[in-house]
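In case it helps, my numbering puts the sequence shown at residues 2 to 140. Cβ coordinates follow ideal geometry from the N, Cα and C atoms, glycine included.
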Amino acid sequence: MASPSQLSHLEQYKTLRDEILRVLDEMRRTEFWGAAATGAVYAWLLTHPNELKNAAIWWIGPIVVLVCGIRCLLLFDRIRTIAVYLRRIEDDAFAHQRDLPGWERYMTEAGGLRIVITTVIAWVFMLALSVFASLYLPK
Numbered sequence: 002m003a004s005p006s007q008l009s010h011l012e013q014y015k016t017l018r019d020e021i022l023r024v025l026d027e028m029r030r031t032e033f034w035g036a037a038a039t040g041a042v043y044a045w046l047l048t049h050p051n052e053l054k055n056a057a058i059w060w061i062g063p064i065v066v067l068v069c070g071i072r073c074l075l076l077f078d079r080i081r082t083i084a085v086y087l088r089r090i091e092d093d094a095f096a097h098q099r100d101l102p103g104w105e106r107y108m109t110e111a112g113g114l115r116i117v118i119t120t121v122i123a124w125v126f127m128l129a130l131s132v133f134a135s136l137y138l139p140k
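Listed below in structure tokens is the structure:
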């Protein structure tokens, strides 16, 4: 088996695309378990109002959302770093093919920024919703 320094561009590309898919799965798990944890916390708080001695417990939801959002941001940065290198491989492999530029090059030209913006909007909305819930549900 070849050492990592002897991998062909195609092998590097496949390996890095697989890593991106694993990181995306990790992001989805973070989103799912963050939402599940936040929902469970609010469900418990709403069904046990007599057991609440400290109002600070209502802020667990926003903290969970914030931590999960930061984790997803860091995972996204890993994907972005890999994508920059994959674009370099695609520039070489698809240099003369404008109709089929390669996925990373296509995303750069056709909508990668839209995905980032909608994801940021979703996380900000979730954080704002959890802050709103923490401010107004205890009353």
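Ignore the nearest five residues each way along the sequence and tell me which others in residue i's own chain have a CB closer than 7 Å to its CB.
i: I83; result: L17, E20 and I21
i: T109; result: R88
i: I61; result: V42
i: I90; result: H10, Q13 and Y14
i: G35; result: V65, V66 and C69
Assuming residue i is part of the alpha helix (DSSP H), what are its boundary residues?
i: Q13; result: H10 to T48
i: P63; result: I61 to A94
i: L136; result: G113 to Y137
So, is residue i buried or exposed, given that buried needs 16 or more other C-beta atoms within 10 angstroms?
i: G40; result: exposed
i: V66; result: buried
i: W124; result: buried
i: R106; result: buried
i: Y14; result: buried
i: L63; result: Inspection of the sequence shows that residue 63 is occupied by Pro rather than by Leu. Its Cβ being crowded by 16 or more others within 10 Å, P63 is buried.
i: W59; result: buried
i: S9; result: exposed
Could you tell me how far apart the beta carbons of residue i and residue j are, in whole angstroms, since I believe they sit closer than 8 Å?
i: L76; j: E32; result: With a Cβ gap of about 10 Å, L76 and E32 do not count as contacting.
i: L47; j: L138; result: 7 Å
i: V24; j: R79; result: 6 Å
Between residue i and the rest of its own chain, which residues show a CB-CB distance below 8 Å, the 5 nearest in sequence each way excluded?
i: L128; result: P63, V66, L67 and G70
Can you list, in chain order, the residues of its chain whose CB lies under 6 Å from that of residue i, leaving out five sequence neighbours each side?
i: I117; result: According to the sequence shown, residue 117 is Val rather than Ile. Cβ neighbours of V117 beyond the five flanking positions: none.
i: V132; result: P63
Between the region 67 to 75 and the region 90 to 99, do three or more beta carbon pairs fall short of 8 Å? Flag = no, the region 67 to 75 and the region 90 to 99 do not touch.
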